[in-house]
Every structure is written in C-alpha cells, then in structure tokens.
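When the letters of the first sequence are read in order and numbered with my numbering, they come out as residues 528 to 745.
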Amino acid sequence: MNHTVDDQNMAFISQLYPDVYTQIVPLQQGEVKPPKRRRKKSKAAVAAGDGSNCFFRKRKLTDEQVNMLEMSFGDEHKLESERKDKLAAELGLDPRQVAVWFQNRRARWKNKRLEEEYNKLKNSHDNVVVDKCRLESELLQLKEQLYDAEREIQRLAERVEGGSSNSPVSSSVSVEANETPFFGDYKVGDDGYDYNDLFYPVPENIYMDETEWMNLYI
DNA sequence: TTGTGTTTTACGACCTCC
DNA sequence: GGAGGTCGTAAAACACAA
C-alpha cells in the first residue's frame, strides 16, 4: 500500500485540526469498505461527521510522534493529565490518542516483561531438569559401585568362611541381626528413604563394622 | 496479487482510587 | 461520581510468503 501523498495531506490536515484526529483519510471515490464486524460507532467517527460515507479511518502515528511518545514513556509509564495535554499539544494529537497510546504501550510492556519472566523460569526449569538427569546417572553409577562392593564383600566372606572356620578373621566377622548396616560413613535408612532397591540380595550376617571390614584388606 | 499472520490504534466494559 | 487504570477485542495497517 502506498499512502505517502495521503499521509502528507493528512499530516497537514491534522496540523490544522489538532483537536480531532491526527490523520483523517477520506475514502477514495466509490470506495465503500464496510467494517468486517459490527462495532459501536466511535467518538472519532462521530466527530468526523461519520454517516453512511464514513470519513474516519484509523491511521498510524508518525515516527516522530511515536519517538516522542516512547521517550515520554521511558521517563514515566503513567500519564498524568497535565503531561497528557502537553504531549498532545506538542505532537498535534488528541489527548485521548495519547492516553490510548500509553494504555497500549503499557500493555505491550507488560507482555514483554511476562515473556521475559517466562523465559527466565523456563531456563531455570531446563537447568533443573538437566541437573536431575545428571544426578540420576550419578546415582546409577553409585548403585553399580555399591553392587560391586557388595559382591566383593560376599566373595571375601565366602572365602573366609570356607577357608578356615577357626581363623581369627572369620570369628570377627559378625554383625548383630538387628543392627543398622554400615557402608563406609553412609548409614542406610537414616533419611527415611526406601533404599530397598539400592541393595542387591546378599547373605545375612555378612556385615561387619568398619574396622573389621578394613582388616580384610590389610 | 493475494492470502495470512502480526502489529498498531482504538474502544467498551469493568475496576479502583480519591 | 469522575478520572484513569487494565483487559479483551475489533479492525486498519503492515509484512511477507507463495
């Protein structure tokens, strides 16, 4: 679309009639463009003498007007009556237009801010998910290590029991049946978590305290 | 050129504050 | 009660792919 001539004319008209709308474009001859949907007649249309020949058309503000409004919005998002009138006079706009522009600008600003907040939350959520995956894989590795250790203990216990029943080591390998089992500094069951799936079945009474366990390797 | 999606301007309904 | 806010939406203006 090319409105350059019209735009110039309308800019001129709006200078002459700053209290109406900045740019009022008459329809081309024979051009009848009924609204897509019914809507209550606007004040602007009424002010423009709207009838069957509908003289009012919504027009974009000029770059200069928008720049000035943006600068003003940058200073303060709210618009007091005095500032509104001043801006309107400076820009040759209807104060109502200035008010509407600020309303819409606030809405855009709010949307942008919400979008930024959403992105921030999404990023941190993604990071948490990645962290969770990493921890799960770490847990799996630790489970495997634990399994290997259990197997090793089992193997040693069997060797000790099978080797000599009266050896000093074998006599020291014992654990009270109802004691909480130890593995290093880690005490199973302390945190209330169900670690049943953490341990693979091993023969009973193979647990020993830390010093006894270490003795096997010294 | 045209269909379609996005942005901008404008408004009505409703709410809050003084 | 009036002024000015938000919210939702209509419709014009605009951008752009096909």
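From the three backbone atoms N, C-alpha and C, an ideal C-beta is built for every residue, glycine too.
On a predicted model such as this, the values are computed, not experimentally measured, just so you know.
Taking just the CA atoms, how far does Arg-661 sit from Arg-610?
Position 83 of the first sequence, counting from 1, holds the residue named residue 610. Position 134 of the first sequence, counting from 1, holds the residue named residue 661. Cα-Cα distance, rounded: 56 Å.
Just the C-alpha distance for Tyr-645 and His-652, rounded to the nearest angstrom, thanks.
Looking up residue 645 in the first sequence gives position 118. Looking up residue 652 in the first sequence gives position 125. Going from the Cα of Tyr-645 to the Cα of His-652 covers about 10 Å.
Any chance the stretch 623-637 sits against the stretch 599-613, with 3 or more Cβ pairs inside 8 Å?
yes
Tell me the DSSP secondary structure of Arg-566 in three-state form.
Within the first sequence, numbered from 1, the residue matching residue 566 stands at position 39. In this prediction, Arg-566 scores a pLDDT of 40, lower than 50, which makes its location untrustworthy; no coordinate-derived value is stated.
Asp-675 in three-state terms, based on DSSP
In the first sequence, counting from the first residue as 1, residue 675 sits at position 148. Three-state result, Asp-675: helix.
Can you tell which of Ser-599, Gln-592, Gly-689 has its C-alpha closest to the C-alpha of Arg-633?
Position 106 of the first sequence holds residue 633. Measuring from the Cα of Arg-633, the nearest candidate turns out to be Ser-599.
For Leu-669, collect the residues of the same chain with a Cβ closer than 7 Å to its Cβ; drop the 5 residues on either side in sequence, then sort them by chain order.
For the purposes of this step, residue 669 is taken as residue 142 along the first sequence, with counting starting at 1. Excluding residues within five positions, none has a Cβ falling inside 7 Å.
Please name the residue in Leu-666, Leu-641, Glu-617 whose C-alpha comes closest to that of Glu-591.
Here the question's residue 591 lines up with position 64 in the first sequence. The option with the nearest alpha carbon to Glu-591 is Glu-617.
Below 8 Å on the Cβ atoms is my guess for Phe-629 versus Leu-606; work out the distance and round it to an integer in Å.
Position 102 of the first sequence, counted from the start, is the residue given in the question as residue 629. Position 79 of the first sequence, counted from the start, is the residue given in the question as residue 606. Confirmed, about 5 Å.
How is Arg-640 classed by DSSP in three states: helix, strand or coil?
Residue mapping note: residue 640 aligns to position 113 of the first sequence, counting from 1. If DSSP states are grouped into helix, strand and coil, Arg-640 belongs with the helices.
Runs of 4 residues minimum, wholly inside the stretch 594-674: which ones carry the alpha helix (DSSP H) assignment?
608-618
Within 10 angstroms of the Cβ of Leu-666, are there 16 or more other Cβ atoms? Answer buried if so, exposed if not.
Here the question's residue 666 lines up with position 139 in the first sequence. Its Cβ having fewer than 16 others within 10 Å, Leu-666 is exposed.
Within 10 angstroms of its Cβ, does Leu-641 collect 16 or more other Cβ (buried), or is it exposed?
What you label residue 641 is simply residue 114 of the first sequence in a count that begins at 1. Leu-641 should be labelled exposed.
Quick check on the burial criterion: 16 or more other C-beta atoms within 10 angstroms. Buried or exposed for Asp-621?
One-based indexing of the first sequence puts residue 621 at position 94. Buried.
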